[in-house]
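Everything on this sheet refers to the single structure shown next.
Residue numbers (the working numbering): 530 to 712.
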């Protein structure tokens, strides 16, 4: 009489294969999750820069309480190592004061890389500001604002975003001549 069923070795092989496939799937899921966080962070940075550019091109008014001070002299987006998960969009109005327009927060588990801000290939020490002037969206930039630094024309500015662990990154490039913003 023949017995039906599985041997212990067959069961162990099946359990091993299921465990192996599950382990590989979970590892790939975590890696994909990190890549997605960096892609979202990159999209957030690009969107923030393009918003500043669009405001300059359209002559958008600021949110100043004084109606006479709502026209912007220029818009800028500031990236700082001190706040690697956030960037601010501001405008200097015609009365000489600064209007904070919006603060952008990067997605969880993503940040601006330490040393990842550069202008014409030179790394910024503390911060990088990209400035757009109405009505044509003319570009200038400023690094390491100490109060005595003046905005300058540039060819390329680079911002690198990465995972919190630093293992996956993306580079965003701003062309200072053509105004192109992309990866």
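In this text, a Cβ means the ideal position worked out from N, Cα and C, and glycines have one as well. None of these values were measured; they are calculated from a predicted model.
Original post:
With respect to the alpha helix (DSSP H) encompassing residue 557, which residues constitute its N-terminal and C-terminal limits?
Top reply: Residue 557 sits at position 28 when you count from the first residue of the chain shown. Where residue 557 is concerned, the enclosing alpha helix (DSSP H) starts and stops at 537–587.
Original post:
Going by the beta-carbon positions, is the gap between residue 646 and residue 657 smaller than 8 Å?
Top reply: Here residue 646 corresponds to residue number 117 of the chain shown, with the count starting at 1. Here residue 657 corresponds to residue number 128 of the chain shown, with the count starting at 1. Yes, they are a contact pair.
**OP:** With a cut-off of 8 Å on the beta carbons, I'd call residue 633 and residue 577 a contact; round off their distance for me.
**Re:** Position 104 of the chain shown, counted from the first residue, corresponds to residue 633. Position 48 of the chain shown, counted from the first residue, corresponds to residue 577. Right, the Cβ-Cβ distance comes to about 5 Å (below 8 Å), so this counts as a contact.
**OP:** Give me the Cβ distance between residue 635 and residue 570, rounded to the nearest whole Å; I'm assuming they're in contact under 8 Å.
**Re:** Here the question's residue 635 lines up with position 106 in the chain shown. Here the question's residue 570 lines up with position 41 in the chain shown. Sure, about 5 Å apart at Cβ, within 8 Å.
Original post:
If we ignore side chains and look at the alpha-carbon of each, how far apart do residue 651 and residue 579 end up?
Top reply: As a position in the chain shown, residue 651 is number 122, starting the count at 1. As a position in the chain shown, residue 579 is number 50, starting the count at 1. C-alpha separation (whole angstroms): 23 Å.
Original post:
When the Cα atoms are used, what is the spatial distance from residue 649 to residue 639?
Top reply: Working through the chain shown from its first residue, we reach residue 649 at position 120. Working through the chain shown from its first residue, we reach residue 639 at position 110. So the two alpha carbons sit approximately 24 Å from each other.
Original post:
Relative to the C-alpha of residue 685, which residue among 711, 694, 698, 664 is closest?
Top reply: Within the chain shown, residue 685 is the residue found at index 156, counting from 1. Of 711, 694, 698, 664, the residue nearest in Cα terms is 711.
**OP:** State yes or no: is the C-beta of residue 655 within less than 8 Å of the C-beta of residue 610?
**Re:** On the chain shown, position 126 is the one that residue 655 refers to. On the chain shown, position 81 is the one that residue 610 refers to. Contact: yes.
**OP:** Please check the pair residue 670 and residue 705, which I expect to be a contact at CB under 8 Å, by giving their CB distance rounded to whole angstroms.
**Re:** One-based indexing of the chain shown puts residue 670 at position 141. One-based indexing of the chain shown puts residue 705 at position 176. So it is a contact: roughly 7 Å between Cβ atoms.
Original post:
How about residue 696 and residue 531: are their beta carbons less than 8 Å apart?
Top reply: Counted from its first residue, the chain shown places residue 696 at position 167. Counted from its first residue, the chain shown places residue 531 at position 2. Taking 8 Å as the Cβ cut-off, residue 696 and residue 531 do not qualify as a contacting pair.
**OP:** Whole angstroms is fine: what's the gap from residue 614's alpha carbon to residue 549's?
**Re:** Reading the chain shown from its first residue, position 85 is the one you call residue 614. Reading the chain shown from its first residue, position 20 is the one you call residue 549. CA-CA distance, residue 614 to residue 549, rounds to 36 Å.
Subject >> Alpha-carbon spacing of residue 607 relative to residue 665, whole angstroms >> reply: On the chain shown, residue 607 is found 78 positions in, with the first residue counted as 1. On the chain shown, residue 665 is found 136 positions in, with the first residue counted as 1. For residue 607 and residue 665, the distance between alpha carbons rounds to 20 Å.
Subject >> Sequence-distant residues of the same chain with beta carbon closer than 7 Å to residue 622, five excluded per side >> reply: In the chain shown, the residue the question calls residue 622 occupies position 93. Counting only Cβ-Cβ distances below 7 Å, and skipping sequence neighbours, we find 591, 593, 598, 599, 600, 601, 602, 628.
Original post:
Which value, in whole angstroms, describes the spacing of the CA atoms of residue 545 and residue 641?
Top reply: Residue mapping note: residue 545 aligns to position 16 of the chain shown, counting from 1. Residue mapping note: residue 641 aligns to position 112 of the chain shown, counting from 1. Near 41 Å, if we compare the C-alpha coordinates of residue 641 and residue 545.
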